[in-house]
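One point on numbering: in our numbering, the residue at position 9 of the sequence shown is 80, and numbering is uninterrupted.
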Amino acid sequence: MHPTRNNVGAYIHAANLSHAPAAQAAGSRNGAVFTFGTFRSLVLCAVTGATAGTPTSFSATYKLQTSADGTTWADAKDRDGDTVALAVAAAGSVAELDVDLQEVCPDGHDRIRVVETVAFTGGTAPTVLSSSTVIFGGGQTLPV
72 MHPTRNNVGA YIHAANLSHA PAAQAAGSRN GAVFTFGTFR SLVLCAVTGA
122 TAGTPTSFSA TYKLQTSADG TTWADAKDRD GDTVALAVAA AGSVAELDVD
172 LQEVCPDGHD RIRVVETVAF TGGTAPTVLS SSTVIFGGGQ TLPV
(Lines of atoms letter the chains of each structure in order from A; the text may use other names.)
(Lines give C-alpha, C1' and ligand atoms only; values in the text may rest on other atoms or scores of the structure.)
Protein backbone atom coordinates (compact mmCIF):
# COMPACT_ATOMS: atom_id res chain seq x y z
CA MET A 72 0.00 0.00 0.00
CA HIS A 73 1.26 3.50 -0.85
CA PRO A 74 2.40 5.58 2.19
CA THR A 75 -0.03 8.42 1.35
CA ARG A 76 -2.90 6.02 2.04
CA ASN A 77 -1.82 4.90 5.49
CA ASN A 78 0.60 7.58 6.75
CA VAL A 79 -0.68 10.98 5.63
CA GLY A 80 0.87 12.50 8.77
CA ALA A 81 4.31 12.03 7.23
CA TYR A 82 3.37 14.48 4.47
CA ILE A 83 1.69 17.32 6.39
CA HIS A 84 2.22 19.52 9.44
CA ALA A 85 -1.17 20.19 11.04
CA ALA A 86 -0.41 21.44 14.59
CA ASN A 87 -0.61 25.15 13.67
CA LEU A 88 -3.34 26.94 15.61
CA SER A 89 -3.82 30.35 14.04
CA HIS A 90 -6.80 31.53 16.12
CA ALA A 91 -7.69 29.81 19.37
CA PRO A 92 -11.40 28.97 19.70
CA ALA A 93 -13.17 31.92 21.31
CA ALA A 94 -16.44 33.85 21.29
CA GLN A 95 -15.71 36.76 18.94
CA ALA A 96 -17.54 40.06 18.72
CA ALA A 97 -17.42 42.15 15.55
CA GLY A 98 -13.89 43.20 14.59
CA SER A 99 -10.55 41.76 13.54
CA ARG A 100 -7.82 39.75 15.22
CA ASN A 101 -4.43 38.74 13.90
CA GLY A 102 -3.50 35.09 14.03
CA ALA A 103 -0.24 33.46 15.00
CA VAL A 104 2.79 33.99 12.77
CA PHE A 105 4.20 30.92 11.01
CA THR A 106 7.47 30.51 9.13
CA PHE A 107 6.70 28.02 6.38
CA GLY A 108 10.28 26.92 5.61
CA THR A 109 10.34 24.11 3.04
CA PHE A 110 6.54 23.74 2.83
CA ARG A 111 5.09 24.81 -0.51
CA SER A 112 1.34 24.68 0.17
CA LEU A 113 -1.20 24.96 2.94
CA VAL A 114 -4.82 24.37 3.77
CA LEU A 115 -6.48 27.12 5.79
CA CYS A 116 -9.28 25.61 7.88
CA ALA A 117 -11.86 27.81 9.65
CA VAL A 118 -14.45 26.62 12.15
CA THR A 119 -17.49 28.47 13.48
CA GLY A 120 -19.75 27.41 16.31
CA ALA A 121 -22.87 28.86 17.83
CA THR A 122 -23.77 32.53 17.76
CA ALA A 123 -25.03 34.46 20.78
CA GLY A 124 -26.91 37.75 20.97
CA THR A 125 -29.40 36.74 18.23
CA PRO A 126 -27.77 38.27 15.14
CA THR A 127 -29.77 38.10 11.91
CA SER A 128 -26.63 37.03 10.08
CA PHE A 129 -22.85 37.08 10.39
CA SER A 130 -19.71 36.59 8.37
CA ALA A 131 -16.24 35.51 9.37
CA THR A 132 -13.49 36.15 6.83
CA TYR A 133 -9.99 34.71 7.11
CA LYS A 134 -7.44 36.63 5.02
CA LEU A 135 -3.90 35.35 4.39
CA GLN A 136 -1.03 37.81 4.77
CA THR A 137 2.70 37.38 4.06
CA SER A 138 5.84 39.04 5.41
CA ALA A 139 9.59 39.05 4.91
CA ASP A 140 10.41 40.32 8.40
CA GLY A 141 7.42 39.54 10.65
CA THR A 142 6.58 43.22 11.17
CA THR A 143 5.45 44.51 7.76
CA TRP A 144 2.51 42.53 6.36
CA ALA A 145 0.90 42.44 2.91
CA ASP A 146 -2.28 40.69 1.79
CA ALA A 147 -1.50 37.53 -0.17
CA LYS A 148 -2.78 37.84 -3.75
CA ASP A 149 -3.68 35.10 -6.21
CA ARG A 150 -2.79 35.10 -9.92
CA ASP A 151 -5.75 37.38 -10.66
CA GLY A 152 -4.65 39.92 -8.03
CA ASP A 153 -7.46 39.01 -5.64
CA THR A 154 -6.83 38.76 -1.91
CA VAL A 155 -6.51 35.16 -0.73
CA ALA A 156 -9.36 34.75 1.76
CA LEU A 157 -11.87 32.26 3.08
CA ALA A 158 -15.40 33.35 4.07
CA VAL A 159 -17.77 31.55 6.43
CA ALA A 160 -21.38 32.72 6.90
CA ALA A 161 -23.07 29.88 8.77
CA ALA A 162 -22.90 28.86 12.41
CA GLY A 163 -21.61 25.36 13.08
CA SER A 164 -19.55 25.27 9.89
CA VAL A 165 -16.14 24.13 8.74
CA ALA A 166 -14.56 25.57 5.60
CA GLU A 167 -11.21 25.14 3.94
CA LEU A 168 -9.08 26.89 1.35
CA ASP A 169 -6.16 25.32 -0.52
CA VAL A 170 -3.24 27.72 -1.08
CA ASP A 171 -0.13 27.34 -3.24
CA LEU A 172 2.48 29.32 -1.28
CA GLN A 173 4.75 29.56 -4.32
CA GLU A 174 1.96 31.41 -6.14
CA VAL A 175 0.88 33.85 -3.41
CA CYS A 176 4.10 34.67 -1.53
CA PRO A 177 6.43 37.28 -3.05
CA ASP A 178 10.15 36.52 -3.21
CA GLY A 179 11.78 36.88 0.20
CA HIS A 180 8.53 36.38 2.15
CA ASP A 181 8.82 33.35 4.42
CA ARG A 182 6.16 34.13 7.05
CA ILE A 183 2.38 33.99 6.98
CA ARG A 184 -0.46 34.91 9.28
CA VAL A 185 -4.24 34.84 9.01
CA VAL A 186 -6.39 37.84 9.88
CA GLU A 187 -9.90 37.00 11.07
CA THR A 188 -12.63 39.62 10.57
CA VAL A 189 -16.09 39.05 12.04
CA ALA A 190 -19.16 41.12 11.14
CA PHE A 191 -22.80 40.88 12.25
CA THR A 192 -26.18 42.11 11.11
CA GLY A 193 -28.57 42.77 13.99
CA GLY A 194 -28.51 41.30 17.45
CA THR A 195 -27.65 42.56 20.89
CA ALA A 196 -23.88 42.34 21.55
CA PRO A 197 -23.60 39.34 19.19
CA THR A 198 -20.70 36.89 19.22
CA VAL A 199 -19.76 33.75 17.31
CA LEU A 200 -17.46 30.94 18.38
CA SER A 201 -14.64 30.78 15.85
CA SER A 202 -11.16 29.45 15.26
CA SER A 203 -8.73 28.66 12.44
CA THR A 204 -5.80 26.37 11.78
CA VAL A 205 -3.14 26.15 9.10
CA ILE A 206 -2.08 22.78 7.71
CA PHE A 207 1.19 22.81 5.78
CA GLY A 208 2.04 20.32 3.05
CA GLY A 209 4.32 19.82 0.10
CA GLY A 210 7.52 20.03 2.13
CA GLN A 211 10.88 19.40 0.53
CA THR A 212 11.62 17.07 3.43
CA LEU A 213 9.12 15.05 5.41
CA PRO A 214 8.17 16.54 8.80
CA VAL A 215 9.25 14.65 11.90
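Don't be surprised by glycine CBs; every beta carbon is placed ideally from N, CA and C.
* **Rounded C-alpha distance that separates Val104 from Ala121** => Each residue's CA atom was taken as its position, placing Val104 and Ala121 some 27 Å apart.
* For the alpha helix (DSSP H) that Val175 lies in, which residues bound it at each end? -> Start and end: Leu172 to Val175.
* **Where Val79 sits in the DSSP three-state scheme** => Three-state DSSP puts Val79 in a helix.
* If we ignore side chains and look at the alpha-carbon of each, how far apart do Arg150 and Trp144 end up? -> 19 Å
* Can you name the residues that DSSP bridges to Asp146? -> Gln136
* Please list, in chain order, all residues of the same chain as Pro92 whose beta carbon is under 8 Å from its beta carbon, the five residues on each side excluded. => Only Val118, Gly120, Leu200, Ser201 and Ser202 meet the Cβ criterion.
* What whole-angstrom Cβ distance do Ala196 and Ser130 have, given they're in contact under 8 Å? -> The Cβ separation is near 17 Å, so there is no contact.
* Asked: Taking the continuous beta strand (DSSP E) assigned at His90, which residues delimit it?
  -> Leu88 to Gln95
* C-alpha distance - Thr127 paired with Ala160, whole-angstrom precision -> 11 Å
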